[in-house]
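So in numbering that gives the first Met the number 0, spot 160 of the sequence shown is number 159, and the numbers just go up one at a time.
Let me begin by presenting the structure, written as structure tokens, before commenting on it.
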Amino acid sequence: MKRNLYQVTQSYKRGVFGKPKNGKFRFVDVPEFLMGELKEYILHIRKEGLKSGHGGDVDLLFFEGQQSMQVPFTQRRIQGLMKKVCKSGGLRERSPHQLRHSYATTLLMAHQSVAYVSKLLGHSSIDTTIRYYCHWIPGEGRGGLDDALCPKPKTEGRLVEGL
0 MKRNLYQVTQ SYKRGVFGKP KNGKFRFVDV PEFLMGELKE YILHIRKEGL
50 KSGHGGDVDL LFFEGQQSMQ VPFTQRRIQG LMKKVCKSGG LRERSPHQLR
100 HSYATTLLMA HQSVAYVSKL LGHSSIDTTI RYYCHWIPGE GRGGLDDALC
150 PKPKTEGRLV EGL
């Protein structure tokens, strides 16, 4: 891990490890407020790996248990955990994919660039991000156009004070 980046080098689909979607490695930008906890968690699982004879290398962040540190969570397990977390938080049930959409939407509504969000999502093209999320990109139509292109009201007959 460098700075606040976590590198994704493999995907796991139908019981097989392989290249990530689109065949490209990528980095996930981890928010500053989570970085300390993530580093602490990685140290913890390294120690547990050494204790259980799996070594100190961390290939997976989330796995089935101490005896199977090389077996990632299944899709069903992740969905079950999401259901449990939503229920304990008093929220409507959501899927991991809906969480991904919320993540992208939140970033776009916070005025993060579409290119940045596209990269974080691992989209092969910015067009994919625009197609699915353009309605969440801030802008109020006509009012936004006026604000962006119209000069500020004149002051004492001048466009800019002092000229």
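Where a beta carbon is used, it is the ideal one built from N, C-alpha and C, also for glycine.
Remember, predicted model here, so these are calculated numbers, not experimental data.
{"Asked": "Proximity below 9 Å, CB of alanine 103 to CB of tyrosine 131", "Found": "yes"}
{"Asked": "DSSP three-state assignment for leucine 4, whether helix, strand or coil", "Found": "strand"}
{"Asked": "Distance, glutamine 111 Cα to proline 19 Cα", "Found": "24 Å"}
{"Asked": "Length-filtered (3 minimum) beta strand (DSSP E) runs lying within the stretch 16-64", "Found": "25-28"}
{"Asked": "Neighbourhood of leucine 37 by C-beta, 7 Å cutoff - its chain only, sequence neighbours within 5 removed", "Found": "Val29"}
{"Asked": "Whole-angstrom distance between phenylalanine 26 and methionine 0, CA atom to CA atom", "Found": "Note that methionine 0 has pLDDT 49, beneath the 50 cutoff, so the model's placement of it is unreliable and no number is given."}
{"Asked": "Proline 71 in three-state terms, based on DSSP", "Found": "strand"}
{"Asked": "Residue closest to glutamine 74, alpha-carbon to alpha-carbon, out of Ile136, Gly14, Tyr5", "Found": "Gly14"}
{"Asked": "Leucine 106 vs leucine 98 beta-carbon contact at 9 Å", "Found": "no"}
{"Asked": "Backbone secondary structure at serine 87 - three-state DSSP", "Found": "helix"}
{"Asked": "For valine 7 and glycine 17, the rounded distance between their alpha carbons", "Found": "11 Å"}
{"Asked": "Cβ neighbours of phenylalanine 72 in the same chain (closer than 6 Å, five flanking residues each side left out)", "Found": "Phe61"}
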